[in-house]
Amino acid sequence: MKLIAHFSRLFVGIIFIFSGLIKLNDPVGTEIKLEEYFDVFATDFPFMAGFWEFWIPYALYISVFLCALELVLGVCLLVQYKLKTASWILLATVIFFGFLTFYSAYFNKVTDCGCFGETIKLKPWTSFIKDMILLFFILIILWQRKIFADKKTGIIVGISVVFSLFLGIYAVKFLPPYDGLPYAVGQDIPKNMKPSAPLQFKYIYEKGGESLELDQMPTDTTYHFKEMITLNQDEAKAKITDYNIWKDGDSTDYKAESFVGKKLMVVIPVIKKANTNHVNEIRELAKSLEGSGIQVWLISASSEEEVNNFRHEFQLAIPNYSADTKVLKTIARANPTLWLLKDGIVKGKWSHNALPDKNEVIKSLQ
Numbered sequence: 001m002k003l004i005a006h007f008s009r010l011f012v013g014i015i016f017i018f019s020g021l022i023k024l025n026d027p028v029g030t031e032i033k034l035e036e037y038f039d040v041f042a043t044d045f046p047f048m049a050g051f052w053e054f055w056i057p058y059a060l061y062i063s064v065f066l067c068a069l070e071l072v073l074g075v076c077l078l079v080q081y082k083l084k085t086a087s088w089i090l091l092a093t094v095i096f097f098g099f100l101t102f103y104s105a106y107f108n109k110v111t112d113c114g115c116f117g118e119t120i121k122l123k124p125w126t127s128f129i130k131d132m133i134l135l136f137f138i139l140i141i142l143w144q145r146k147i148f149a150d151k152k153t154g155i156i157v158g159i160s161v162v163f164s165l166f167l168g169i170y171a172v173k174f175l176p177p178y179d180g181l182p183y184a185v186g187q188d189i190p191k192n193m194k195p196s197a198p199l200q201f202k203y204i205y206e207k208g209g210e211s212l213e214l215d216q217m218p219t220d221t222t223y224h225f226k227e228m229i230t231l232n233q234d235e236a237k238a239k240i241t242d243y244n245i246w247k248d249g250d251s252t253d254y255k256a257e258s259f260v261g262k263k264l265m266v267v268i269p270v271i272k273k274a275n276t277n278h279v280n281e282i283r284e285l286a287k288s289l290e291g292s293g294i295q296v297w298l299i300s301a302s303s304e305e306e307v308n309n310f311r312h313e314f315q316l317a318i319p320n321y322s323a324d325t326k327v328l329k330t331i332a333r334a335n336p337t338l339w340l341l342k343d344g345i346v347k348g349k350w351s352h353n354a355l356p357d358k359n360e361v362i363k364s365l366q
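Going by full-length UniProt numbering, the residue at position 337 of the sequence shown is 337; the numbering climbs one at a time, nothing skipped.
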């Protein structure tokens, strides 16, 4: 039993460290998922709507805390530090996440729980099963907790706390160290909007009272068609399905226009939440690029009035366009973010805290 208990400790610890690291690489992604859950619960439980809506402005702080907590708890298990306390917190954590994944799966609400961030996509039922497996091993750890001797490894846990907070804050301020999204530098946006692979089907027919599965439609007219099943719907799905850019009252296809030539997008998903400390630098960069052949656009999901007031306040003499909030938050984990395209291929991406100069922008296009 000791062997099983130690295996459980190592298994759960490694999974939590892995999950925490992936999420801390991109806390804004977890923030978006939390906001989705808060919105869903506010709608599904209207008598508690105020409670859930209260947490929405704090979703990013909750995200960093939960992601860091996962990593630190995993470290506690591996180094056997305060194992009893860590195990009880792990139990509460996995029950909490288990409830979220079950709710997502059963009611088909949030179809991607973000359990492993954007790096590994899990369907809700898969995520729920994963949580139940973790719950099983955590219960073994608690059952056998007396066999584990607490070790004086507080310094290691302390380092993990500092590292977790540093990584999470860095990712928020300077964009994720690893960008696994389809809008990352080097990605071909028009290509990502096409199916990733040809669709494959199997055909269910009936003949002589028997049901048959075929990989192609038969020419024999005695076969009676019953059903066609897509075999690789998820694998063949385009990586990007909702990218669109428009201008109110204008019928021009600005999505297609965004793939023509050189575009530096100033992406501000929500004007009210934008960090304005470096907007003057963005304005000066836009001015310096005049005559360079690089068009500078401002893209936001906020209302036309909010955008115009923002442009007037900071004297941003650049054209503005609209896009979906979720798409812009996927493109831009920092608000604002500069996103550089050349013929639809992403050549650069910068947080407002690490803005490039004219030479860096031009060099990125080469």
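Think of the CB as a built atom: it goes at the ideal place given N, C-alpha and C, for glycine as much as any other residue.
Note down, in chain order, each residue of its chain lying with its Cβ closer than 6 Å to the Cβ of F310, except the 5 sequence neighbours on either side.
-> Only I271 meet the Cβ criterion.
Can you tell me which of the three DSSP states I155 falls into?
-> Of the three classes helix, strand and coil, the one that applies to I155 here is helix, per DSSP.
Inter-residue Cα distance where the pair is A86 and K23 | A86 and K23 have their C-alpha atoms spaced approximately 20 Å apart.
Could you tell me if H312 is buried or exposed, where buried requires 16 or more neighbouring beta carbons within 10 angstroms of its beta carbon?
-> H312 comes out exposed.
Whole-number beta carbon distance between N353 and I174, since they are thought to touch under 8 Å = Note on residue identity: the sequence assigns Phe, not Ile, to residue 174. Correct: roughly 6 Å between the Cβ atoms.
Should L71 and I156 be called a contact, given that it needs their Cβ atoms to be closer than 7 Å?
-> No. Outside cutoff.
Just the Cα atoms here: how many angstroms apart are Y183 and E36?
-> Approximately 21 Å, taken between the alpha carbons.
Of all the CB atoms in chain C, is at least one closer than 7 Å to the CB of A301?
-> Reference to chain C is not applicable here, since this structure consists of a single protein chain.
Beta-carbon gap between H224 and E206 smaller than 7 Å = Yes, the Cβ-Cβ distance between H224 and E206 is below 7 Å.
Taking the alpha helix (DSSP H) that V327 falls in, what are its first and last residues?
-> Element bounds for V327: T325 to I331.
May I ask you to verify whether the stretch 317–333 touches the stretch 291–309, counting CB pairs closer than 8 Å and requiring at least 3?
-> Pairwise C-beta distances place the stretch 317–333 in contact with the stretch 291–309, as three or more of them are shorter than 8 Å.
Pick from L338, V172, D150 and L316 that is closest to P27, judged by C-alpha positions | Of L338, V172, D150 and L316, the smallest CA-CA separation from P27 is found for V172.
Residues in its own chain within less than 7 Å of N192 by CB, not counting five upstream and five downstream?
-> Contacts found: P182, A238, K239 and I240.
Which partner residues of V185 appear in the DSSP bridge assignment?
-> DSSP output for V185 lists no bridge partner at all.
Since G20 contacts G74 with CB under 8 Å, what's their CB separation in whole angstroms?
-> Cβ-Cβ separation between G20 and G74: approximately 6 Å, consistent with a contact (criterion under 8 Å).
State buried or exposed for S351, treating a residue as buried only when at least 16 other CB atoms are found within 10 Å of its CB.
-> Classification of S351: buried, given that the 10 Å Cβ count is 16 or more.
Output yes or no for whether 7 Å exceeds the beta carbon distance between N25 and Y254.
-> No; because the gap between Cβ atoms is not below 7 Å, this pair is not in contact.
Using alpha carbons as the reference points, say which of L60, V110, L69 and E210 lies closest to N335.
-> Closest option to N335, Cα to Cα, is L60.
Relative to the C-alpha of I134, which residue among I294, A5, G293 and P356 is closest?
-> First, the residue type needs correcting, since residue 134 is Leu and not Ile in the sequence shown. Ranked by Cα distance from L134, the options I294, A5, G293 and P356 are led by A5.
Can you name the start and end residues of the beta strand (DSSP E) that G348 belongs to?
-> Counting along the chain, the beta strand (DSSP E) containing G348 begins and ends at I345 to S351.
From the DSSP output, read off the bridge partner residues of L338.
-> DSSP lists V266 and W350 as partners of L338.
Looking only at C-alpha atoms, which of E257, G13, F201 and P176 sits nearest to N232?
-> N232 has its Cα closest to that of F201, out of E257, G13, F201 and P176.
Report the rounded CA-to-CA distance for F47 versus F136, giving the unit in angstroms.
-> Spanning the two alpha carbons is a distance of roughly 34 Å.
Kindly list the residues whose CB is nearer than 8 Å to the CB of F54, restricted to its own chain and excluding five residues on each side of it in sequence; keep chain order.
-> When the five nearest sequence neighbours on each side are left out, no beta carbon in the same chain lies closer than 8 Å to the beta carbon of F54.
For L90, which residues of its own chain have a beta-carbon under 6 Å away from its beta-carbon, when the five flanking residues on both sides are left out?
-> L73 and I138.
I282 and A274: beta carbons closer than 7 Å?
-> Their beta carbons are not under 7 Å apart, which means I282 does not touch A274 by this criterion.
Cα-Cα separation, I129 to V185 | Going by the C-alpha atoms only, they are around 34 Å apart.
Which of helix, strand or coil does DSSP assign to I318?
-> It is coil, neither helix nor strand.
Go ahead and label F41 buried or exposed: buried means 16 or more other beta carbons lie within 10 angstroms of its beta carbon, across all protein chains shown.
-> The residue is buried, with at least 16 neighbouring Cβ atoms inside 10 Å.
Does DSSP put I140 in a helix, in a strand, or in coil?
-> Here I140 carries a helix assignment [DSSP, helix/strand/coil].
Which of helix, strand or coil does DSSP assign to L77?
-> Note: L77 maps to helix in three-state DSSP.
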